[in-house]
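Q:
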Amino acid sequence: MATTSTRVTPNQPAPAARSKGERRIVTPEGVPLTFQLAERGERAAAVLIDLVIMLVALGAVVLSFVFVSWQLGFSEIIIGVTLLLFFLIRTFYFVYFELRWQGATPGKRALGLRVIDRKGGYLRPDAVFARNILREVELFLPLTLLLAGPEQGSSAWVNLLTLGWLSVFILLPFFNKDRLRAGDVIAGTWVVSAPKTLLLSDVAAGAKAKQGPNQTAAPEFPFSRSQLEIYGIYELQTLEDVLRQKGPQTQETLREVTLRVQRKIGWTGEEKVDYRRFLEAFYAALRAHLESRLLFGERRENKHDRKGPPGSADGPGATGS
1 MATTSTRVTP NQPAPAARSK GERRIVTPEG VPLTFQLAER GERAAAVLID LVIMLVALGA
61 VVLSFVFVSW QLGFSEIIIG VTLLLFFLIR TFYFVYFELR WQGATPGKRA LGLRVIDRKG
121 GYLRPDAVFA RNILREVELF LPLTLLLAGP EQGSSAWVNL LTLGWLSVFI LLPFFNKDRL
181 RAGDVIAGTW VVSAPKTLLL SDVAAGAKAK QGPNQTAAPE FPFSRSQLEI YGIYELQTLE
241 DVLRQKGPQT QETLREVTLR VQRKIGWTGE EKVDYRRFLE AFYAALRAHL ESRLLFGERR
301 ENKHDRKGPP GSADGPGATG S
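FYI, the numbering for the sequence shown is 1 to 321, going by the numbering used here.
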C-alpha cells in the first residue's frame, strides 16, 4: 500500500484495518483502497428486498398466465410454466443484476451495498455466477423442501435435518470475521458498503458539457477522446472509491493515482497539479464519456475490453497498467 515512504505494488499485502469492519486492498493497478464490510443485518435486509421483488414479478407473470388460460382453456400448463419461471427467476435474478450493475442488485442498491473482488480486481462473471448458483444450495433448495412437505411418516426427521442445513448456511456469516456466506467463500468476494456521496454527484454533473467532437469538458484539464477511451467502467468505479477515501494517507494515494493516470493517458499538460482536482476532473470526463457511449449501445466494462469505436485507443498499447 502506498505510504509516505514506500510504493505499493499489487503483490504487497495491504496494511491492517483500522476498525473491525474495515478492509484494505491493493488493486492490480497498485491503487490502495479502503472498504467497510456490510453489516449482516443489511445483507439480510437486501436479500429480503430482492426476494419480495422476485415474488412480485413471479406473481404478476403467473396471474397473466392464469388469465390467459382461463380465457383459452389451457389450465394444465399453468403449473409447469410457474415452476419453470420460478427456476429462471431465482437462478438468474441475482446473476443478471450483479453483472449489469457492477455487483449490486435492487436490494443492495436500496441499502448502499455492492459485491467486490477480495483481491481488488474486476468482478468477474464466473465469480458472480459461482456465488449466486450456490444460493440454490444455501437457501432455495432447503426452503423448497420445507414448503413442499416431506413424505408421510418422515416429516419430523426431514424437517429437522432441513432446518439444520438451512441454519448452517444462514449463520455462517456470524462465524467468520469477513462476514462471508458460502457463496462469497467460493467466489472470493466481499459485500461492502458503498454509500453515495454528494462529491461524486457534483463532479459528474459538471462533466455534461462538451467542447467539440474530440474533447470533453474540464476547462482546467481538457481530456481528448483518445485519452478517455483507455479506461472503462471498472476503472471509473475504482477511481470513485479513491475519491471517497479519507485518512492520513489520502494525499499520498491521490498523488500516486494521479501519476499513474497521467502516464497511462500520455498527459502533456501542466505537471504540477492539485491531485484531487485533477482526478475529479478526469472522473467527471470519463463518466460523461462512458455514459455517452452507453446511449449508443457501447458498453466498455474495463480497460481490457477492446470493443471501442473505430479510431479509439483500444489497441495493444491501451491494455497495460
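Each residue gets a CB set at the ideal place from its N, CA and C atoms; glycine is no exception.
Excluding the 5 residues preceding and the 5 following glycine 247 in the sequence, name in chain order all residues of the same chain whose CB lies nearer than 6 angstroms to its CB.
A: Answer for glycine 247: no residue qualifies.
Q: Report the rounded CA-to-CA distance for phenylalanine 35 versus tryptophan 190, giving the unit in angstroms.
A: Cα to Cα, the separation comes out at about 10 angstroms.
Q: Report the option in Phe175, Gln249 and Thr258 whose CA atom is closest to the CA atom of arginine 40.
A: Residue Phe175 is the option with its Cα nearest to arginine 40.
Q: Which same chain residues, not among the five before or five after arginine 23, have their C-beta less than 7 angstroms away from its C-beta?
A: Here the set comprises Ala17, Phe35, Leu37 and Trp190.
Q: Using CA atoms only, rank isn't needed, just tell me which of Val257, Ile25, Lys177 and Tyr234 is closest to lysine 119.
A: Considering only alpha carbons, the answer is Ile25.
Q: Nearest to isoleucine 79 by alpha carbon, out of Arg90, Phe65 and Phe92?
A: Minimum Cα distance to isoleucine 79 is reached at Phe65.
Q: Pick from Leu83, Ile49 and Lys108: whose alpha carbon is nearest that of valine 62?
A: Minimum Cα distance to valine 62 is reached at Leu83.
Q: Give the list of continuous alpha helix (DSSP H) stretches no shorter than 4 residues that lie fully inside the stretch 72-131.
A: With a minimum length of 4 residues, the continuous alpha helix (DSSP H) runs that stay inside the stretch 72-131 are 78-100 and 106-111.
Q: Report the CB separation of valine 192 from isoleucine 116 in whole angstroms; it is logged as a contact under 8 angstroms.
A: Valine 192 to isoleucine 116, Cβ: 6 angstroms. Contact.
Q: Ends of the alpha helix (DSSP H) at threonine 144?
A: Run containing threonine 144: 141-148, per the alpha helix (DSSP H) assignment.
Q: Does the stretch 224-243 come within contact of the stretch 262-280, defined as at least 3 CB pairs closer than 8 angstroms?
A: They touch, by the three-pair rule.
Q: Is it buried or exposed for glutamate 291, if we count other Cβ within 10 angstroms and need 16 for buried?
A: The residue in question, glutamate 291, is exposed, as its Cβ has fewer than 16 Cβ neighbours within 10 Å.
Q: Taking just the CA atoms, how far does histidine 289 sit from lysine 210?
A: Reliability fails at lysine 210, whose pLDDT of 41 lies under 50, so the model's placement of it is uncertain and the value that follows must be treated cautiously. Cα-Cα distance, rounded: 10 angstroms.
Q: If you pair each beta-carbon of the stretch 84-92 with each one of the stretch 156-164, do three or more pairs fall below 8 angstroms?
A: Verdict: no, contact absent.
Q: So, under 8 angstroms CB-CB, isoleucine 186 and alanine 130 are touching, yes? Tell me the CB distance rounded to an integer number of Å.
A: Indeed, because the Cβ distance is near 5 angstroms, the residues count as touching under 8 angstroms.
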